[in-house]
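All remarks here apply to the structure that follows.
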């Protein structure tokens, strides 16, 4: 596999994009030997923007994406939820390369959700389809972003102050146990089908997961998360979310957690909390496939978290 993140020095002139007026730019992630050849993400030019670090891709998300592609047969035809999806690199890689039954992106920051909806729509190449009553609110002609990639022009229109509430272009919603509601819940910001995979973007604060309609109805086979273990004040809600899906969700649910080890004490504190809740934690053997190019100066660990055997 010879997949790269294209850097400015290696980009052909025709696909170098200058920063937008809103401080964002497009990054192109090349894949090979998969149905999708390219993932394009709109990201912030700054590591911290609008009070969050979630508007750009981080190393742990790339490492988790590589791990998932390596284990793609295990993820095929499964229901997958990602907590803290950010701009969507891990989720889009899994959705395009691993053929899950469904993939639920989630986050809680308004600007992150806005960008996440844009990136999912951009890479699945489906036009948004809204309910007639919401058409004026959700999609407007006030701004257009054109992205010509691999000779496939795509126009995506979005009013920045509003949420997207979209259905699949075919008009068909999720079926069976994937049906969250006939009417799109306010927490579902985007919904479409791509290559027979249901894709959804959810507003899902961790502390609300055991209580709100989305958290209660979701029953994923796998929960993915990357670069979420950095602040001890959020450990309890994150751990509670893991426990909810592992103990009260689908039997055999596995959490796969990718952590950039910036502070060993902080990481050990979180792992100890997981152990105190009766969760089984196993560090996965992982050797990067160099599917993506990223700095390797800070180690990344990947853990699988399950119920005790």
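In this note's numbering, the protein residues as written are 3 to 311.
In this text, a Cβ means the ideal position worked out from N, Cα and C, and glycines have one as well.
| query | Start and end of the alpha helix (DSSP H) containing residue 249? | reply | By one-based count along the chain shown, residue 249 stands at place 247. Taken as a continuous stretch (DSSP letters only), residue 249 belongs to no alpha helix (DSSP H), as it is neither H nor E.
| said: Do residue 216 and residue 226 count as a contact pair if the criterion is CB distance below 8 Å? | reply: Counting from 1 along the chain shown, the entry for residue 226 is found at position 224. Counting from 1 along the chain shown, the entry for residue 216 is found at position 214. No. Outside cutoff.
| task | Check the C-beta distance from residue 262 over to residue 229 and give it rounded, since I have them as a contact under 8 Å. | result | Stepping through the chain shown from its first residue, residue 262 is reached at position 260. Stepping through the chain shown from its first residue, residue 229 is reached at position 227. Contact flag correct, Cβ pair sits at about 6 Å.
| query | Can the beta-carbon of residue 220 be found closer than 8 Å to that of residue 106? | reply | Position 218 of the chain shown, counted from the start, is the residue given in the question as residue 220. Position 104 of the chain shown, counted from the start, is the residue given in the question as residue 106. Taking 8 Å as the Cβ cut-off, residue 220 and residue 106 qualify as a contacting pair.
| field | Neighbourhood of residue 174 by C-beta distance below 8 Å, restricted to the same chain and skipping five residues each side | value | Reading the chain shown from its first residue, position 172 is the one you call residue 174. Any reading at residue 174 needs caution, since the residue's pLDDT is 35, under 50, leaving its predicted position unreliable; the model's value is listed next. Same-chain partners within the cutoff: 195.
| said: Looking at residue 67: is its Cβ nearer than 8 Å to the Cβ of residue 95? | reply: Along the chain shown, one-based indexing puts residue 67 at 65. Along the chain shown, one-based indexing puts residue 95 at 93. Yes, Cβ-Cβ distance for residue 67 and residue 95 is below 8 Å.
| field | As assigned by DSSP and simplified to three states, the class of residue 223 | value | Locating residue 223 in the chain shown gives position 221, where the first residue counts as 1. Coil at residue 223, not helix or strand.
| request: Measure the C-alpha to C-alpha separation of residue 102 and residue 118 and round it to an integer number of angstroms. | output: To locate residue 102, count along the chain shown from 1; it is residue 100. To locate residue 118, count along the chain shown from 1; it is residue 116. Rounded to the nearest angstrom, the two C-alpha atoms are 19 Å apart.
| Which of helix, strand or coil DSSP assigns to residue 203 | Start at 1 with the first residue of the chain shown, and residue 203 comes out as number 201. DSSP, read as helix, strand or coil, puts residue 203 in strand.
| said: I need the DSSP call for residue 309, collapsed to helix, strand or coil. | reply: Residue mapping note: residue 309 aligns to position 307 of the chain shown, counting from 1. Three-state result, residue 309: coil.
| query | Taking the C-alpha atoms as reference points, what is the distance between residue 300 and residue 264? | reply | By one-based count along the chain shown, residue 300 stands at place 298. By one-based count along the chain shown, residue 264 stands at place 262. Each residue's alpha carbon lies about 7 Å from the other.
| Do residue 104 and residue 84 have their C-beta atoms within less than 8 Å of each other? | Working through the chain shown from its first residue, we reach residue 104 at position 102. Working through the chain shown from its first residue, we reach residue 84 at position 82. In this structure, the beta-carbon distance from residue 104 to residue 84 does not fall below 8 Å.
| Buried or exposed: residue 293, going by 16 or more other Cβ atoms within 10 Å of its Cβ? | Locating residue 293 in the chain shown gives position 291, where the first residue counts as 1. Its Cβ being crowded by 16 or more others within 10 Å, residue 293 is buried.
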